[in-house]
Amino acid sequence: MAYFGVDSTLPSSSPDAAASAVAQGATAVRGSHPSAPIPVQGPSIGSNVRVALGESGSYVFPLILGAAEFGWNVDLESSHAILDTYAELGGNTVHTADSYSSGRSEHIIGQWLQSRGLRDDVVVAVRVGGHADNPGLGPVSLVRAVEASLSRLRTDRIDVLYLDATTDPGSSLEDTLATAEWLIETGKIRAVGVIGFSAAQLVEARIFASAGYPRITVLDVPFNVLRRHEFDADLRLVAGAQGMAVTPSHALEHGFLAGRQRSKIRGALSVRGAQLAANLNRRGSRTLRALDAVGADLGVPDAAVAVAWLLAQKLVTAPIVNAYAPQHVEELVQGVGVHLNRAQLADIARASE
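Counting from 0, one number per residue, gives the positions in the sequence shown under numbering that gives the first Met the number 0.
As structure tokens, then:
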């Protein structure tokens, strides 16, 4: 397959140059026009951009492709096109949940991994706890949820298993971690992440880890420029002290920060329409104008600026972003190569207050 890239002689020790090139490559027009850059056979430039995902043992592209729309608003063929574009641009990490479209998202990813032969090249992250057949984080549900996800994904292991505490706040943390320990020992999962855990729960989990239970190495928290204060100080302190990788979900606030929807929607609203409408106010408009200004200065779209803002925040390793089309992936990936200066960060922060 021909695509924009470099040959294998590119030194992997120059991530800044590679990240900058990712942004350029993402904007290039694929086609046969005489003025188009000459496509190069070989690995993409982005394949040289990797960061450690905390202490999980995985090294990831600093932008995780979320699969929440697969099987819901995006069909199988379009989902595979999105995944192909992400992989071509150097992406290597896919995040899904057993509850997304009742498991159809996992089916779509599993078919793609198998048909492309990429399982060993892709870090697969799965959130469990919300599927109707295996609800919560109790030992029985947790084992069954993992087995079901493995079947749908057509694989023998999950690289990062996110435990969703928002679905089951009452489960015993010790029982959940003991089950995770068994899942690791049997090779079904490799690392443990969480979402919905409080700072106190993370401290409790570290105490259990000192007794031999698995360590929580990855934290998912809803976080973006409009939700800056939801990543509270205590959670930041504990995550930083424990060396966790933070992978913010809702990086674009349900697509609002991409800047495509700026006016009120008339008539009955869909779920996505209602989510967008919630930010169609003065604060949201100010924030989009700030992203517009920075994007104009840097020559990148608003979505890329929103991603760059997250990557500029302490503790953030790789935001989780959803896409509806391949061109959205190309826009988002540009954020990896953008470095915002202090003035730009301050302007965005003021606008989003």
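For glycine and all other residues, C-beta sits at the position ideal for the given N, C-alpha and C. This structure is a prediction, so every number in the text was calculated from the model and none was measured.
Per DSSP, reduced to three states, the secondary structure at Phe69 is strand. The alpha helix (DSSP H) runs of length 4 or more contained entirely in the segment 255-300 are, from start to end of the chain, 270-276, 281-297.
Taking the Cα of Asp174 as reference, the smallest distance to any Cα among Tyr85, Leu256, Leu141 is reached at Leu141. If you look at His327, you'll find it in the alpha helix (DSSP H) that goes 325-332. According to the DSSP assignment, Tyr161 belongs to the beta strand (DSSP E) that extends over 159-163.
Within the segment 122-168, complete beta strand (DSSP E) segments of at least 3 residues are found at 122-127, 159-163, given in chain order. Within the same chain, Cβ atoms closer than 8 Å to the Cβ of Gly294 are found at Pro300, Asp301, Ala303, Val304, the five residues on either side in sequence being excluded. When DSSP states are grouped into helix, strand and coil, Asn47 belongs to the helix group.
A distance below 9 Å separates the beta carbons of Asn91 and Val121. Assignment of Ala350 by DSSP, reduced to helix, strand and coil, places it in the helix class.
Distance from the Cα of His253 is smallest, within the candidate group Leu236, Ile319, Ile206, for Ile319.
Around the beta carbon of Glu87, a 10 Å sphere encloses 16 or more other beta carbons of the protein chains shown; the residue is thus reported as buried.
With a 10 Å radius around the Cβ and a threshold of 16 neighbouring Cβ atoms, Asp158 comes out buried. Taking the Cα positions, Arg349 is about 47 Å away from Asp155. For Thr316, no beta strand (DSSP E) segment is defined, and its DSSP state is neither H nor E. Taking one beta carbon from each stretch, the segment 276-284 and the segment 310-330 have fewer than 3 pairs nearer than 8 Å; the two do not touch. Its Cα nearest to that of Ile206, the residue Gln241 stands out among Leu236, Asn223, Glu330, Gln241. Asp346 has its alpha-carbon roughly 14 Å from the corresponding atom of His338. The residues Asn133, in chain order, have a CB closer than 6 Å to that of Arg143 in the same chain once the five nearest residues on each side in sequence are set aside. Between Ala177 and Gly128, the gap from beta carbon to beta carbon reaches 9 Å or more.
With respect to the 9 Å criterion, Ser55 and Gly186 are not classified as neighbours on the basis of their beta carbons. Excluding the 5 residues flanking it on each side, Phe196 has same chain C-beta neighbours closer than 6 Å at Ala164, in chain order. Scanning Tyr58, Phe230, His249, Tyr323 for the CA closest to the CA of Phe69 turns up Tyr323.
Apart from the 5 residues on each side of it in sequence, Gly135 sits with its Cβ closer than 7 Å to the Cβ of Gly128, Thr166, Asp167, Ser170 in its chain, given in chain order. CA-CA distance, Thr316 to Lys263, rounds to 34 Å.
The straight-line gap separating the alpha-carbon atoms of Glu76 and Val306 is approximately 26 Å.
Assignment of Tyr212 by DSSP, reduced to helix, strand and coil, places it in the coil class. In this structure Glu105 is buried. Its beta-carbon is surrounded by 16 or more other beta-carbon atoms within 10 angstroms. Spatial neighbours of Gly258 in its own chain (CB-CB distance under 8 Å, excluding positions within 5 residues in sequence) are listed in chain order as Leu287, Leu290, Asp291, Pro300, Asp301, Ala302.
Rounded to whole angstroms, Tyr85 and Val332 show a C-alpha spacing of 8 Å. Take the alpha-carbon of His94 and the one of Val48: they are about 18 Å apart.
Taking the CA atoms as reference points, Phe255 sits about 31 Å from Arg151.
Following the DSSP letters along the chain, one finds Gly53 in no beta strand (DSSP E), marked with neither H nor E. In the three-state scheme derived from DSSP, where H, G and I count as helix and E and B as strand, Ser101 is classed as helix.
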